[in-house]
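The numbering of the sequence shown is full-length UniProt numbering, which starts it at 1 and goes up by one.
Reading through the structure tokens given below for one structure.
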Amino acid sequence: MVPNPFGLTANGSAGEDKSSEMEIQNPSDISAWVDSMLSDLPSADTWTDQIFPPVKRPEEAAEGDGIRLVHLLMSAAEAVELGDAGLAGTLIEEMRLLLTRVGTGFGVGKVAAHFIEALNHCLHSTTTAAATFASSPEFEMLYYYYYEACPYLKFGHFTANQAILEAFDGHDHVHVIDFSLMHGLQWPALIQALALRPGGSPSLRLTGIGPPSLDGRDSLREIGIRLAELARSVGVPFAFRGVTARKLDDVQPWMLHVVAGEAVAVNSVMQLHRLLGDEGAAPAPIDAVLGWIHELRPEIITVVEQDANHNKPGFVDRFTEALFYYSTVFDSLEASRCGGAVVAAAEEYLKREIRDVVCCEGSERHEPLEEWRARMGRAGFRAINLGPNAIKQARMLLSLFSGEGYCVEEKGECLSLGWHGRPLVAASAWRAAEINNGPVRTVEHYTSVSNTYNSSESSSSSHHEYMH
1 MVPNPFGLTA
11 NGSAGEDKSS
21 EMEIQNPSDI
31 SAWVDSMLSD
41 LPSADTWTDQ
51 IFPPVKRPEE
61 AAEGDGIRLV
71 HLLMSAAEAV
81 ELGDAGLAGT
91 LIEEMRLLLT
101 RVGTGFGVGK
111 VAAHFIEALN
121 HCLHSTTTAA
131 ATFASSPEFE
141 MLYYYYYEAC
151 PYLKFGHFTA
161 NQAILEAFDG
171 HDHVHVIDFS
181 LMHGLQWPAL
191 IQALALRPGG
201 SPSLRLTGIG
211 PPSLDGRDSL
221 REIGIRLAEL
231 ARSVGVPFAF
241 RGVTARKLDD
251 VQPWMLHVVA
261 GEAVAVNSVM
271 QLHRLLGDEG
281 AAPAPIDAVL
291 GWIHELRPEI
301 ITVVEQDANH
311 NKPGFVDRFT
321 EALFYYSTVF
331 DSLEASRCGG
341 AVVAAAEEYL
351 KREIRDVVCC
361 EGSERHEPLE
371 EWRARMGRAG
381 FRAINLGPNA
391 IKQARMLLSL
401 FSGEGYCVEE
411 KGECLSLGWH
421 GRPLVAASAW
431 RAAEINNGPV
441 RTVEHYTSVS
451 NTYNSSESSS
461 SSHHEYMH
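Now the structure itself:
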């Protein structure tokens, strides 16, 4: 029986649309606002000429301003798509003026402010961001607060860990390749679970990929040392290797030191989408990366991604989908139990992600779960059912968060986490069609942390192991 890796315990008149009326009167329900507004938009050529009747009451004025704001957002997005920078700039200034009445503290005004800023950045930026790893200490701090404020990253980590734990059952030598180590937040739970495995812990190798530190520190190695100390304290033989890369597609399989006989898990949480190209265009970097992953014949590959369609070729289509998606995410954040400073930092993290979706033409292009199913299938992977343990863990996780709107849904072999019925994050597990069952290599039982390997250096770069 596989142990619990996380220490969680389960503790109106006919024809009148009353629901729409209630949505309009509740400006804090952001996703409902955007839903109701966009569904009734007039044709694009009339948006800028939209005339609203005079209002008498303050709440009616707020409703009208909110509706006007969403209409102007869509008009500005269309102007950007058409290359009409003058009209887009005029609409942005009008929206900024409107925000002084709507406010940016909550509801539609808060979300709109981020999209207005993204549109403005799109107009005035002269460069296109590449699909690089984020590397600044500030970004890592924002990532941590986003992790704390809402369950989306925790859901991905817990679900992936459960699948990896089950895939490693019966193997004495296991190797996790993490496509984005960040703070190493995912791995203490797995290390503790392996320590509790009946019959004893396997020896664990962890290869963590991440960006070079701006201050010159070997931050990946520092994370590895902390994880090594934990592994030693619970009796798990452990070795860590860091690989720095500015882009995930700079990583080559020989950098990962995979050896015959070890069970390999490849873990990607919110990373593979950075390799997507334009919808329908080929080849994209993701094709090459999935190709060499398949050649590794991993026991499992865990994929967690935003369940959204931000990879449409048309700017307005992407913008509209992003407005729907992030309105729902911000709606869920308003139910967070975390303090205001934590939520504010999480919102700053999302603000940067919104700017990437709107402006960067590639680095934050998300695809829905159905597209990932098809893509993984074409690359030679078959889905693994995440099973009842993963569902149970996910639901227990949600019990720790406020907001009854969170929901976990099974979608075939995959799991989806959403807010009030709208899917936001999807977790899936995959396996190559054929598994390499080569001879088991003898592995010393020790705890070690190596210097980080830099993908920009030559293959003859020195590699030192430190024994603990």
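The C-beta atom is built at its ideal place from N, Cα and C for all residues, glycine as well.
Which class does residue i belong to by DSSP, given the choice of helix, strand or coil?
i, result
"A308", "coil"
"F179", "coil"
"E148", "helix"
"S75", "helix"
"V303", "strand"
"A284", "coil"
"E410", "strand"
"R297", "coil"
"P212", "coil"
"P368", "coil"
"E239", "The question names Glu, but residue 239 in the sequence shown is Ala. DSSP places A239 in strand when its eight states are reduced to three."
"G203", "The sequence given here places Ser at residue 203; Gly does not occur at that position. S203 falls in the strand class under three-state DSSP."
"E138", "helix"
"V289", "helix"
"G418", "strand"
"N161", "helix"
"H257", "coil"
With residue i as the anchor, note down where its beta strand (DSSP E) starts and where it stops.
i, result
"R382", "F381 to I384"
"S268", "A263 to V269"
"S428", "R422 to A432"
Cβ atoms of residue j and residue i: under 9 Å apart, would you say?
i, j, result
"A335", "T159", "no"
"S332", "C122", "no"
"L206", "P237", "no"
"D215", "G242", "no"
"E299", "H171", "yes"
"Y147", "L350", "no"
"R422", "H273", "no"
"S428", "V303", "yes"
"F240", "L248", "no"
"L115", "Y326", "Note that residue 115 corresponds to Phe in the displayed sequence, not to Leu. Result yes, Cβ atoms of F115 and Y326 sit closer than 9 Å."
"W430", "I301", "yes"
"I223", "G184", "yes"
"H257", "A432", "no"
"L296", "P253", "yes"
"D178", "N120", "no"
Terminal residues of the continuous alpha helix (DSSP H) containing residue i?
i, result
"R221", "S219 to V234"
"V358", "G340 to C359"
"R395", "G387 to L398"
"V251", "Careful: V251 lies outside any alpha helix (DSSP H) and carries neither H nor E."
"D169", "From DSSP, D169 is part of no alpha helix (DSSP H); its letter is neither H nor E."
"F324", "F315 to L333"
"Q192", "W187 to A195"
Please return the same chain residues whose Cβ sits closer than 7 Å to the Cβ of residue i, not counting the five positions on each side in sequence.
i, result
"G89", "L123"
"residue 481", "No answer is possible for residue 481: it lies beyond the span of the chain, which begins at 1 and ends at 468."
"L190", "P5, N161, I164 and L165"
"V234", "I191, Q192 and A195"
"D40", "Residue placement at D40 is flagged as unreliable, the pLDDT there being 47, under the threshold of 50; a coordinate-derived value is accordingly withheld."
"S125", "C359"
"A85", "L123"
"L87", "A79"
"P202", "F168, H171, D172, H173, V174 and L194"
Using a Cβ-Cβ cutoff of less than 8 Å, which residues in the same chain neighbour residue i once the five nearest sequence positions on both sides are dropped?
i, result
"E94", "L72"
"K154", "Y147 and L397"
"E367", "H273, L276, E305, A308, N309, H310, N311 and R375"
"D65", "L98, R101 and V102"
"Y406", "P151, S332, L398, L417, G418 and W419"
Excluding five sequence neighbours on each side, which residues of the same chain lie with their C-beta closer than 6 Å to the C-beta of residue i?
i, result
"residue 469", "Since the first residue shown for the chain is 1 and the last is 468, residue 469 is missing from the structure and cannot be characterised."
"R355", "A118 and H121"
Against chain B, does residue i count as a neighbour if the rule is that its beta carbon must be under 9 Å from one of theirs?
i, result
"K247", "No chain B appears in the structure shown, which is made up of a single protein chain."
Could you name each continuous alpha helix (DSSP H) segment of 4 residues or more that falls completely within the segment 67–116, going from the start of the chain to the end?
-> 85–102
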